[in-house]
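Note sheet for the following structure.
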């Protein structure tokens with residue numbers, strides 16, 4: 011008997027046991043060009059056995075580039091699935107967010123057609139049928155903990171877009187994961203109607219449940235049930251360093267100031283923290299900080315959320331996904347199941363990222379961009395304005411609707427030849443995902459710029475002074491002074507930019523390996 015129960019004990023709708031088969035036996039259901047929907051959100055709760063079996067089939071039979079699919083998932087999933095599919099040229103279209111070197115390489119080489127979208131909007135738009143010609147998904151592959159007697163699906167470590175996939179999938183393959191504890195009871199599922207019949211999400215606190223623990227599923231659509239014992243290949247995060255600790259400290263100081271001014275309660279407001287090492291570090295800073303009785307309303311719970319629970323300062327957390335590391339995150343969570351499980355609710359992406367509860371609860375949104383410019387336009391997706399990294403994710407859902415909207419990044423990043431060759435504070439972001447209208451504060455290890463109530467040129471002065479690295483501060487000051495003088499002289503000086511020079515730092519990086527320029531002349535000097 012499995013440590014966590016048998017397949018027979020997890021599948022309580024006994025008629026489905028007649029559909030149990032090996033992952034290899036499901037290959038018969040797949041044809042090139044199909045639209046596939048997967049469960050999963052970040053490397054959590056995604057199907058593993060069937061995607062791996064399909065990859066093995068393609069590799070064994072030299073079908074690279076011949077068996078390609080359109081793949082729609084709530085966010086990224088484990089590298090052993092989608093990133094391997096990318097190496098085998100199995101992906102034609104991919105929406106709306108991904109991680110992995112090979113899939114990113116495929117996107118930037120033009121082999122994979124990726125669409126980027128605010129995750130909260132993507133989830134609901136899948137249910138509306140916006141992404142395929144007939145509005146349907148050919149097959150949905152869903153990982154579950156259990157199936158109830160009335161065919162309710164108890165999901166695993168994430169919710170993603172499963173409710174919407176149930177609405178639009180023609181056929182469904184279920185992976186029942188018996189290799190980990192059942193997550194049954196942790197989810198709060200709402201099946202939304204289409205406009206004009208949609209109902210409000212009456213979520214009034216992070217712990218407030220308004221739906222069902224199960225996703226309803228039509229048993230006649232299920233064509234296969236596959237047992238899985240594979241655990242999530244959660245991503246690892248780097249340890250906190252001086253830079254991330256300094257960023258966290260600036261944010262803690264800002265929160266303390268807002269509490270003193272009466273703009274935040276002593277236990278703050280529900281916290282949202284994005285994906286990545288800096289976001290992980292900021293939550294770690296909260297575990298060491300002065301605030302208690304905290305709540306979280308976010309997309310993902312990362313490893314330091316467990317630290318926040320252990321500190322006794324976090325009371326409850328709502329998320330779409332347990333985005334824990336493979337080690338030690340998930341083993342730690344499973345080993346302390348009784349401590350954590352009752353303090354967490356997992357919601358579908360269309361609910362966790364919906365504007366209505368984010369605004370009602372007054373979420374404090376904290377996310378990491380690639381860069382931001384002196385006027386507080388931020389770029390989250392494209393390096394150099396053209397090279398896709400991962401995608402927009404759900405940051406915009408929170409940054410457009412939160413109570414406080416904060417973006418944090420190191421002031422510089424290394425280039426190949428210069429440890430501070432890239433400034434994350436630039437004159438103009440070459441690609442903009444979040445406009446100046448979205449952000450209240452930007453933070454680097456240098457300091458925090460509170461932008462509320464500031465006009466563009468005032469914002470620019472504060473951002474340069476508070477956030478820019480000393481190596482770049484005089485360069486950026488020179489640009490602002492020069493741009494202001496020239497634009498104001500022409501009567502076009504509300505948000506001064508010189509488009510013949512605004513991207514000189516990026517051009518210099520491409521030519522000389524650093525964004526440190528000697529002057530703002532238009533010509534790029536090869537000896538700079």
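In my numbering, the protein residues as written are 11 to 538.
Glycine included, C-beta positions come from ideal geometry on N, C-alpha and C.
It should be emphasised that the depicted structure is a prediction, and the values quoted were computed from it without experimental measurement.
Beta carbon proximity, residue 255 to chain D, threshold 8 Å: Here there is only one protein chain, and chain D is not present.
Residue range of the unbroken alpha helix (DSSP H) whose run includes residue 161: Translated into the one-based positions of the chain shown, residue 161 becomes position 151. Run containing residue 161: none; DSSP gives neither H nor E here.
Range of the contiguous alpha helix (DSSP H) that encloses residue 30: Residue mapping note: residue 30 aligns to position 20 of the chain shown, counting from 1. Careful: residue 30 lies outside any alpha helix (DSSP H) and carries neither H nor E.
C-beta contact flag for residue 416 and residue 386 at 8 Å: Against the chain shown, residue 416 aligns to sequence position 406. Against the chain shown, residue 386 aligns to sequence position 376. No, these two residues do not count as a Cβ contact at 8 Å.
Cβ shell of residue 266 (< 8 Å), same chain only, five flanking positions each side left out: As a first step, residue 266 must be located in the chain shown, where it is residue number 256. If we look at residue 266 and ignore the five residues flanking it on each side, its Cβ neighbours are 300.
Residue 40 versus residue 77 - alpha carbon distance: For the purposes of this step, residue 40 is identified with residue 30 of the chain shown, where counting begins at 1. For the purposes of this step, residue 77 is identified with residue 67 of the chain shown, where counting begins at 1. Rounded to the nearest angstrom, the two C-alpha atoms are 9 Å apart.
Meets three-Cβ-pair contact criterion under 8 Å: the region 236-245 and the region 47-60: yes
Whole-angstrom distance between residue 436 and residue 524, CA atom to CA atom: Residue 524 sits at position 514 when you count from the first residue of the chain shown. Residue 436 sits at position 426 when you count from the first residue of the chain shown. Distance between the alpha carbons of residue 524 and residue 436 is about 13 Å.
Supposed contact pair residue 358 and residue 133 - C-beta distance, whole angstroms, cut 8 Å: Here residue 133 refers to the residue found at position 123 when the chain shown is read from its first residue. Here residue 358 refers to the residue found at position 348 when the chain shown is read from its first residue. About 7 Å separates the two Cβ atoms, so the contact holds.
Length of the line joining the Cα atoms of residue 297 and residue 323: By 1-based counting over the chain shown, the position of residue 297 is 287. By 1-based counting over the chain shown, the position of residue 323 is 313. In a straight line, the C-alpha of residue 297 is about 7 Å away from that of residue 323.
Whole-angstrom distance between residue 448 and residue 463, CA atom to CA atom: As a first step, residue 463 is located in the chain shown; it is residue number 453 there, counting from the start. As a first step, residue 448 is located in the chain shown; it is residue number 438 there, counting from the start. The straight-line gap from Cα to Cα measures roughly 13 Å.
Cα-Cα separation between residue 469 and residue 384, rounded to whole angstroms: Position 459 of the chain shown holds residue 469. Position 374 of the chain shown holds residue 384. For residue 469 and residue 384, the distance between alpha carbons rounds to 7 Å.
Straight-line Cα distance separating residue 321 from residue 360: As a position in the chain shown, residue 360 is number 350, starting the count at 1. As a position in the chain shown, residue 321 is number 311, starting the count at 1. Their Cα atoms are separated by approximately 30 Å.
Every unbroken alpha helix (DSSP H) inside the region 405-432 [4 residues or more]: 405-409
At least three beta-carbon pairs within less than 8 Å, the region 114-134 to the region 402-410: yes
DSSP three-state assignment for residue 11, whether helix, strand or coil: Working through the chain shown from its first residue, we reach residue 11 at position 1. Unreliable positioning characterises residue 11 in this predicted model, as indicated by a pLDDT of 36, which lies under 50. A coordinate reading is not provided.
Nearest-angstrom beta carbon gap, residue 332 and residue 96 [assumed within contact, 8 Å]: Walking along the chain shown from the start, residue 96 turns up at place 86. Walking along the chain shown from the start, residue 332 turns up at place 322. Actually they do not touch by this definition, with Cβ atoms about 25 Å apart.
Pairwise C-alpha distance: residue 213 and residue 365: In the chain shown, the residue the question calls residue 365 occupies position 355. In the chain shown, the residue the question calls residue 213 occupies position 203. Cα-Cα distance, rounded: 12 Å.
Alpha carbon of residue 537 to alpha carbon of residue 521, nearest angstrom: Walking along the chain shown from the start, residue 537 turns up at place 527. Walking along the chain shown from the start, residue 521 turns up at place 511. Confidence in residue 537 is poor, its pLDDT being 49 and thus under 50, which makes the residue's placement unreliable; the coordinate value appears in the next sentence. C-alpha separation (whole angstroms): 10 Å.
Euclidean distance between Cα positions of residue 92 and residue 258: Mapped onto the chain shown, residue 92 falls at position 82. Mapped onto the chain shown, residue 258 falls at position 248. About 33 Å.
Residue span of the beta strand (DSSP E) that contains residue 282, given as start and end: As a working note, residue 282 is residue 272 in the chain shown. Per DSSP, residue 282 belongs to the beta strand (DSSP E) from 281-283.
Run of the beta strand (DSSP E) containing residue 82, from where it starts to where it stops: Your numbering for residue 82 matches position 72 in the chain shown. Counting along the chain, the beta strand (DSSP E) containing residue 82 begins and ends at 79-83.
Residue 97: first and last residue of the uninterrupted alpha helix (DSSP H) it sits in: Looking up residue 97 in the chain shown gives position 87. Note, residue 97: alpha helix (DSSP H), 94-97.
From 396, 342, 184, residue whose alpha carbon lies closest to that of residue 33: Taking the first residue of the chain shown as position 1, residue 33 is located at position 23. It is 184 whose Cα lies nearest to the Cα of residue 33.
DSSP-derived helix/strand/coil call for residue 118: Start at 1 with the first residue of the chain shown, and residue 118 comes out as number 108. Helix.
Cβ-based neighbour list, residue 367, same chain, cut-off 6 Å, excluding 5 preceding and 5 following: Position 357 of the chain shown holds residue 367. Excluding residues within five positions, the ones whose Cβ falls inside 6 Å are 211, 213.
Within 8 Å, strictly: CB atoms of residue 155 and residue 20: On the chain shown, position 145 is the one that residue 155 refers to. On the chain shown, position 10 is the one that residue 20 refers to. Cβ atoms of residue 155 and residue 20: closer than 8 Å.
Limits of the beta strand (DSSP E) - the one that residue 185 falls within: Counting from 1 along the chain shown, the entry for residue 185 is found at position 175. Segment 179-187, the beta strand (DSSP E) holding residue 185.
Neighbour-count burial assignment, residue 108, 16 or more Cβ in a 10 Å radius: As a working mapping, residue 108 is identified with position 98 in the chain shown. Its Cβ being crowded by 16 or more others within 10 Å, residue 108 is buried.
Buried versus exposed, by CB contacts within 10 Å (16 or more), residue 343: Here residue 343 refers to the residue found at position 333 when the chain shown is read from its first residue. Buried, because 16 or more other Cβ atoms sit within 10 Å of the Cβ of residue 343.
Cβ neighbours of residue 256 in the same chain (closer than 6 Å, five flanking residues each side left out): Position 246 of the chain shown, counted from the start, is the residue given in the question as residue 256. Excluding positions up to five away in sequence, the list reads 455.
Assigned exposure category for residue 79 - 16 Cβ within 10 Å defines buried: For the purposes of this step, residue 79 is taken as the residue at position 69 of the chain shown. Classification for residue 79: buried.
Burial state of residue 143, where buried means 16 or more other Cβ atoms lie within 10 Å: Mapped onto the chain shown, residue 143 falls at position 133. With fewer than 16 other Cβ atoms within 10 Å, it is exposed.
Residues near residue 10 by beta carbon distance below 8 Å, same chain, minus five either side: The structure shown does not extend to residue 10, since the chain is modelled only from 11 through 538, so no value can be given for it.
Residue 378 versus residue 31 - alpha carbon distance: Position 368 of the chain shown, counted from the first residue, corresponds to residue 378. Position 21 of the chain shown, counted from the first residue, corresponds to residue 31. About 43 Å.
Three-state secondary structure (DSSP) of residue 364: Within the chain shown, residue 364 is the residue found at index 354, counting from 1. In the structure shown, residue 364 sits in coil (DSSP, three-state: anything other than H, G, I, E or B).
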